[in-house]
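Here the structure is laid out as structure tokens; the discussion comes afterwards.
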Amino acid sequence: MENHVESQGTAEDVRKSGYLRKLKSMHRRYFVLRSGSERGPARLEYYESEKKFRGKAPMPKKVLALETCFNINKRADSKNKHMIVLYTRAESFVVAAENETDQEEWYQAMVDLQCKSKSGRDLCLGG
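Residue numbering for the sequence shown follows the UniProt record's numbering, starting at 1 and increasing by one per position.
This is the structure in structure tokens:
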């Protein structure tokens, strides 16, 4: 299998994309949620900006395979009302959405892809 990155056709496996904030820095970053495909497992990637994602050879700043997550939760605190936490053995990766609707859409898409990546089936219920 060839190991090259193509910028054309990369949208085929994109399930959801848009801006979220990374909790540690609160920097606004462009996130891309991808379905499992021949290009790789279901995963959450983030880029500096949408422009960087749409560039000639997009290289994500981070890639988090959803199959490595043992839990994905919604959370809120006094500063950030619309957080999503992805738990792996190595870390807790936290992003914040702008509003409850965005939080729910991202959360449901992540949980759905995580379940499918672990079960290999489409028998997942949103939760």
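Using N, Cα and C, we set each Cβ at its ideal position, and we do this for glycine too.
Computed from a prediction, not measured in an experiment: that's the story for all the values here.
- Task: Write down every uninterrupted run of the beta strand (DSSP E) in the UniProt domain "PH" (13-115) whose length is 3 residues or greater and which is fully enclosed by it, in chain order.
- Result: You should have 14-22, 28-34, 43-47, 62-65, 71-75, 83-87 and 92-96.
- Query: According to the Cβ coordinates, are N66 and Q103 closer than 7 Å?
  - Reply: Before going on, a small fix: residue 66 reads as Leu here, not Asn. At the C-beta level, L66 and Q103 stay beyond 7 Å of one another.
- Item | Whole-angstrom distance between A90 and P41, CA atom to CA atom | Taking the straight line from one Cα to the other gives about 18 Å.
- Query: Would you report the Cα separation of N73 and V94, rounded to the nearest angstrom?
  - Reply: One C-alpha to the other measures close to 10 Å.
- Query: Closest to C69 by CA distance: which of K56, I84, M59 and K61 is it?
  - Reply: Comparing Cα positions, the closest option is I84.
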